[in-house]
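S.K.: Protein chains in written order, with this note's numbering: chain A, 15 to 261; chain B, 12 to 404. Right, I'll just put the structure down here and ask away after.
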Ligand code: SF4
Ligand code: SF4
Ligand code: SF4
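Structure representation (structure tokens):
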């Protein structure tokens with residue numbers, strides 16, 4: 015049962031209770047100044063962003079087949095069966111490939127630390143495992159952030175689109191973006207107008223690298239045979255010449 | 012007199028670069044990456060990855076190109092340049108590792124991929140290949156040291172293992188030279204269409220092979236200046252011709268791919284990408300055209316300039332893939348901080364210095380004596396370096 019979040023931006027009033035709950039839960043500082051920052055960073059795992067009258071929420075999308083986890087050389091990022099993509103800091107080398115690879119620009123870094131770690135929303139994996147809602151969903155006073163089973167949330171989103179077609183842009187963000195995510199978003203306007211990247215592949219990104227990576231064994235096997243063969247051919251003439259020269 | 016001034020100039024420059032590098036190193040390890048770089052959450056990879064690693068590994072490609080040419084394809088005339096190429100490669104890889112130590116947030120965990128596996132990761136594969144290949148290069152260079160120490164038994168053992176070592180080296184190089192391109196396959200919609208293509212691994216591999224040749228010519232030029240030795244000129248000519256052919260293949264493939272993906276139309280869009288693209292192509296195409304002409308190939312200075320241009324083209328390409336092509340989608344402009352540049356320069360300077368020392372004390376530019384003994388007399392004796400000095404040098 016993969017868990018997910020549904021963020022209905024038409025219901026978000028920009029109160030930032032989700033931010034506060036998240037920071038408190040993760041023991042991060044939170045005050046007026048930090049609330050003003052509309053970017054996620056090492057000290058802010060989710061951010062409410064203002065677009066005129068509307069609000070959007072930035073947090074890790076918990077991709078179904080996450081690029082970040084596929085590129086990490088030491089498997090420090092892991093997609094859990096429950097849904098959240100979690101981070102194992104004790105494995106991380108700090109190469110930042112996960113940051114480069116995430117199409118949503120989610121992972122951030124402790125740039126001013128001497129031994130920096132990657133920081134990102136972990137989907138409240140500690141709670142989700144026990145089927146408790148994420149802190150942000152629990153704190154949301156309007157129900158703009160909902161926690162639940164991914165399939166049920168998709169059904170709910172579809173219901174909203176069908177019931178109030180005038181209030182919604184007719185698509186659910188996160189169903190196919192980057193091969194599908196565990197955070198779904200509804201909006202009144204096209205998604206790029208509230209800050210979500212729309213120029214995104216509809217397939218899971220790791221398959222692009224896999225297309226190249228899967229040839230590694232071929233290169234090894236065919237390369238050895240080929241090089242060995244060429245070596246034999248190019249050196250044979252010499253052998254023959256040497257033997258003939260002797261006899 | 013002039014000679015003395017020149018020497019002092021280079022020494023002074025070396026000292027200045029090293030001092031700046033040392034200060035930048037202090038900043039980096041005391042204040043963290045934030046204090047020493049212009050990197051940010053929007054732009055996490057800068058020139059330490061783009062130049063030090065991507066270009067560094069490419070510029071060290073001479074090792075496998077020439078090892079294959081001489082030992083596998085048995086083209087003997089290239090033998091005199093194998094050793095310097097292998098030395099460059101070995102040093103190159105060691106310096107890439109040093110550069111990585113600067114860039115990694117947790118440098119003391121650089122060994123983690125050895126026990127913490129993620130075979131789906133290109134970076135994991137690159138890490139393994141580079142580790143193994145550095146070992147292979149060490150083994151390929153070891154005979155030179157053994158020869159100097161006159162450890163003949165050990166030398167014999169090494170000789171027996173030559174072929175498997177060379178084959179392993181060529182395969183490992185093929186894998187990671189191309190994988191450095193595969194690193195960027197994961198960002199199809201963020202890397203500019205002038206550079207993102209499923210062919211990235213193939214293009215990276217071909218250009219690495221060409222760079223291997225170009226670097227070897229470049230080096231032989233400089234060692235001739237420094238040590239009064241000169242490669243047989245016919246050999247250099249032949250290498251430039253091969254370089255021209257490989258570049259032609261590379262550029263053809265490049266443009267076929269661009270037009271196939273419809274990316275050429277982006278050249279109409281304003282922005283600095285198209286200029287950087289143009290620069291990259293010109294820097295590769297001009298030397299190619301030069302080297303296709305018999306006349307130019309006969310002219311040492313033209314050859315040198317052409318090769319330098321080609322190398323700059325290669326560097327431009329790697330920087331375009333890793334920096335230029337990613338700026339637009341990141342929404343920020345990245346330019347390295349002085350300390351980033353200082354570390355990079357210091358690493359390059361250290362490379363030059365170590366190469367000089369090694370070439371001075373080890374038989375790098377000499378023929379293997381034992382090898383000659385086994386070569387049947389008269390059957391294509393290798394021209395020695397000394398004998399082939401260009402008149403007037
Ligand atoms: S949104 Fe980015 S960080 Fe989050 S799971 Fe997807 S790829 Fe990973
Ligand atoms: S920075 Fe850490 S988590 Fe991210 S890819 Fe590198 S090792 Fe993995
Ligand atoms: S899921 Fe948890 S970690 Fe992620 S934004 Fe919500 S509260 Fe923060």
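Ideal Cβ positions, reconstructed from N, Cα and C, are used throughout, including at glycine.
Less than 8 Å separating the beta-carbons of residue 314 of chain B and residue 256 of chain B?
M.R.: For residue 314 of chain B and residue 256 of chain B, no; Cβs fall outside 8 Å.
S.K.: Using a Cβ cut-off of 8 Å (strictly closer), state whether residue 171 of chain A contacts chain D.
M.R.: No chain D is present in this structure, whose protein chains are A and B.
S.K.: Kindly examine ligand 2 and report whether one of its heavy atoms sits closer than 7 Å to the Cβ of residue 86 of chain A.
M.R.: For ligand 2, at least one heavy atom lies less than 7 Å from the Cβ of residue 86 of chain A.
S.K.: Going by Cα to Cα distance, which pick from B:185, B:109, B:376 and B:137 is closest to residue 86 of chain A?
M.R.: Out of B:185, B:109, B:376 and B:137, B:137 has the C-alpha closest to the C-alpha of residue 86 of chain A.
S.K.: Please confirm if residue 133 of chain B has its CB atom under 8 Å from at least one CB of chain A.
M.R.: Interface residue, yes.
S.K.: Quick check: residue 227 of chain A and residue 133 of chain B, are their CB atoms within less than 8 Å of each other?
M.R.: Going by C-beta atoms, residue 227 of chain A is nearer than 8 Å to residue 133 of chain B.
S.K.: Using the beta-carbon of each residue, which ones in chain B are nearer than 9 Å to residue 123 of chain A?
M.R.: The answer, in chain order, is 44, 45, 50, 51, 52, 55 and 116.
S.K.: Less than 7 Å separating the Cβ of residue 80 of chain A from some heavy atom of ligand 1?
M.R.: Answer for residue 80 of chain A: yes, Cβ within range of ligand 1.
S.K.: Against residue 215 of chain A, what residues of chain B qualify as contacts under a CB-to-CB distance less than 7 Å, listed in chain order?
M.R.: 199 and 200, listed in chain order.
S.K.: What's the C-alpha gap between residue 55 of chain B and residue 286 of chain B?
M.R.: Computed Cα separation, rounded: 24 Å.
S.K.: Please classify residue 77 of chain A: does DSSP put it in a helix, a strand, or coil?
M.R.: DSSP places residue 77 of chain A in strand when its eight states are reduced to three.
S.K.: Go through its chain and collect everything with a Cβ distance to residue 150 of chain B's Cβ below 8 Å, but skip five positions before and after it.
M.R.: Only 169, 172 and 176 meet the Cβ criterion.
S.K.: In chain B, which residues lie with their C-beta within 7 Å of the C-beta of residue 225 of chain A?
M.R.: By Cβ distance, chain B contributes 209.
S.K.: Please confirm whether residue 244 of chain A has its beta-carbon closer than 8 Å to some beta-carbon of chain B.
M.R.: Yes, residue 244 of chain A counts as interfacial toward chain B.
S.K.: From the DSSP output, in three-state form, read off residue 396 of chain B for me.
M.R.: For residue 396 of chain B, the predicted model reports a pLDDT of 37, less than 50, meaning its position is unreliable and no value from the coordinates is stated.
S.K.: Specify whether the segment 60-79 of chain B and the segment 233-240 of chain A touch according to this definition: at least 3 beta carbon pairs, one from each stretch, less than 8 Å apart.
M.R.: Flag = no, the segment 60-79 of chain B and the segment 233-240 of chain A do not touch.
S.K.: Please list the partners that residue 120 of chain B has in chain A, where partner means a Cβ-to-Cβ separation under 7 Å.
M.R.: The contacting residues are 107.
S.K.: Counting pairs of Cβ atoms below 8 Å between the segment 109-119 of chain B and the segment 259-276 of chain B, do you hit three or more?
M.R.: Verdict: no, contact absent.
S.K.: Does residue 180 of chain A come out as helix, strand or coil in the three-state DSSP assignment?
M.R.: In the structure shown, residue 180 of chain A sits in coil (DSSP, three-state: anything other than H, G, I, E or B).
S.K.: Identify which residue in B:222, B:59 and B:194 has its Cα closest to the Cα of residue 76 of chain B.
M.R.: It is B:222 whose Cα lies nearest to the Cα of residue 76 of chain B.
S.K.: Ligand 1 and residue 120 of chain A: does the residue's C-beta get closer than 7 Å to at least one heavy atom of that ligand?
M.R.: Yes - ligand 1 has a heavy atom lying nearer than 7 Å to the Cβ of residue 120 of chain A.
S.K.: Compute the minimum distance between the beta carbon of residue 102 of chain A and the heavy atoms of ligand 1, and state whether it is under 7 Å.
M.R.: Checking the Cβ of residue 102 of chain A against ligand 1 gives no.
S.K.: So what does residue 62 of chain A bridge to, in DSSP terms?
M.R.: Beta-bridge pairing links residue 62 of chain A to A:71.
S.K.: Can you grab the Cα-Cα spacing for the pair residue 254 of chain B / residue 247 of chain A, in whole Å?
M.R.: Straight-line Cα distance between these residues: approximately 24 Å.
S.K.: Taking DSSP's pairing of strands, which residues face residue 122 of chain A in a bridge?
M.R.: DSSP output for residue 122 of chain A lists A:133 as bridge partner(s).
S.K.: How is the beta strand (DSSP E) around residue 206 of chain A delimited, first residue to last?
M.R.: No beta strand (DSSP E) holds residue 206 of chain A; DSSP gives it neither H nor E.
S.K.: As a quick exercise: from B:124, B:120, B:154 and B:100, pick the residue whose alpha carbon is nearest that of residue 144 of chain B.
M.R.: Selected option, being the one with the closest Cα: B:100.
S.K.: By how many angstroms is the C-alpha of residue 105 of chain A removed from the C-alpha of residue 156 of chain A?
M.R.: Using only the alpha carbons, I get a separation of about 39 Å.
S.K.: Can residue 218 of chain A and residue 192 of chain A be called in contact, C-beta distance under 8 Å?
M.R.: It is a contact, given that the beta carbons lie within the stated cut-off.
S.K.: Report buried or exposed for residue 13 of chain B, applying the criterion of at least 16 other Cβ atoms within 10 angstroms of its Cβ.
M.R.: Per the 10 Å Cβ criterion, exposed.
S.K.: Quick check: residue 84 of chain A and residue 58 of chain A, are their CB atoms within less than 8 Å of each other?
M.R.: No, these two residues do not count as a Cβ contact at 8 Å.
S.K.: Rounded to whole angstroms, how far is the Cβ of residue 308 of chain B from the Cβ of residue 252 of chain B, which I believe are closer than 8 Å?
M.R.: Confirmed, about 7 Å.
S.K.: For residue 149 of chain A, count neighbouring C-beta atoms within 10 Å of its own C-beta (all shown protein chains included) and say buried if the count is 16 or more, exposed if not.
M.R.: Residue 149 of chain A should be labelled buried.
S.K.: So with CB distances below 8 Å, who are the chain A contacts of residue 85 of chain B?
M.R.: Neighbours of residue 85 of chain B on chain A, chain order: 245, 248, 249 and 252.
S.K.: Quick one: list the residues of chain B neighbouring residue 238 of chain A, beta-carbon separation under 7 Å, in chain order.
M.R.: The contacting residues are 178 and 182.
S.K.: Using C-beta distances below 6 Å, list every residue in its chain close to residue 39 of chain A, excluding the 5 sequence neighbours before and after it, in chain order.
M.R.: Hits under 6 Å: 149.
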